[in-house]
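If you number the sequence shown the way our numbering does, the last residue is 1525 and the count never jumps. Cβ atoms here follow ideal geometry from the backbone N, Cα and C, with glycine treated the same way. Keep in mind the model is a prediction, meaning the values are calculated, not measured. A quick write-up on the structure given underneath.
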Amino acid sequence: MENRDDRMVWIDLEMTGLDISKEKIIEIATIVTDGELNIIAEGPNLAVSVEETLLEGMDEWNTRHHHRSGLVERVRNNSVTVEEAERQTMEFLRQHVNENKAPLCGNSVWNDRLFLQKEMPEIVEFLHYRMIDVSTVKELGRRWYPEVSRFNKKGAHLALDDIRESVQELAYFRKRIFISHQ
1344 MENRDDRMVW
1354 IDLEMTGLDI
1364 SKEKIIEIAT
1374 IVTDGELNII
1384 AEGPNLAVSV
1394 EETLLEGMDE
1404 WNTRHHHRSG
1414 LVERVRNNSV
1424 TVEEAERQTM
1434 EFLRQHVNEN
1444 KAPLCGNSVW
1454 NDRLFLQKEM
1464 PEIVEFLHYR
1474 MIDVSTVKEL
1484 GRRWYPEVSR
1494 FNKKGAHLAL
1504 DDIRESVQEL
1514 AYFRKRIFIS
1524 HQ
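Put into structure tokens, the structure is as follows:
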């Protein structure tokens, strides 16, 4: 049986914007992988309800992408409270990872962690303090291994699609950059 202590928690959020002082989470998706990046389980993919004024006040980029993806419609018509989203995500995490063992993983995941700390602090407290940021690997690869082609992302800007892509992207770089020299 695989060691639960080696598992990795992949979370992606969609927000109304990037300003932590005024913007809110509107979607959360979670995946658990083993240390080899094999998906163990996909967690709840939840639209999170926010005040209508936040949706109406989004900047042009967020308005365009979140309307095009259907996320705004989901937030308005098929969403849960932030407390319920945290509860369901925590229930999933407890089923699949040990407390304080799994790092938070994703692209620019430091920003997701800020929003989680503010709105869903139980998740941050449950996870290990370390993070695995795929964006860092991508930036280092671009600088140190320019011959390695970029990973082509679809850019759906839906949390579950994006977090699946983050897992695939790290696997892509693992195969091309993190090569065993034995």
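- Of all alpha-carbon atoms in Ala1514, Ile1506, Phe1516, the one lying nearest the alpha-carbon of Ala1384 is that of Ile1506.
- Secondary structure remark: continuous alpha helix (DSSP H) runs of at least 4 residues inside the stretch 1436–1518, in chain order: 1452–1462, 1464–1469, 1477–1487.
- Straight across, the Cα-Cα distance linking Glu1465 with Thr1432 is about 10 Å.
- Only residues of its own chain outside the window of five on either side were considered, and among them Leu1380, Cys1448, Ile1475, Val1477, Val1480 have a CB closer than 8 Å to the CB of Leu1513, listed in chain order.
- Its Cα nearest to that of Met1401, the residue Asp1362 stands out among Val1391, Asp1362, Phe1494.
- Here Ser1392 has Val1418, Ser1422, Val1423, Thr1424 as same chain residues with Cβ atoms under 7 Å from its own Cβ, once five neighbours each way along the sequence are excluded.
- Per the DSSP secondary-structure output, Thr1373 pairs in a beta bridge with Ile1354.
- The DSSP-derived three-state label of Glu1379 is coil.
- Contact between Val1440 and Val1510 is absent: CB atoms are separated by about 15 Å, not below the 8 Å threshold.
- The three-state secondary structure of Glu1394, taken from DSSP, is coil.
- Within its own chain, the residues whose Cβ lies closer than 6 Å to the Cβ of Lys1496, once the five positions on either side in sequence are excluded, are Glu1508, listed in chain order.
- Beta bridge pairing from DSSP links Ile1368 with Met1358.
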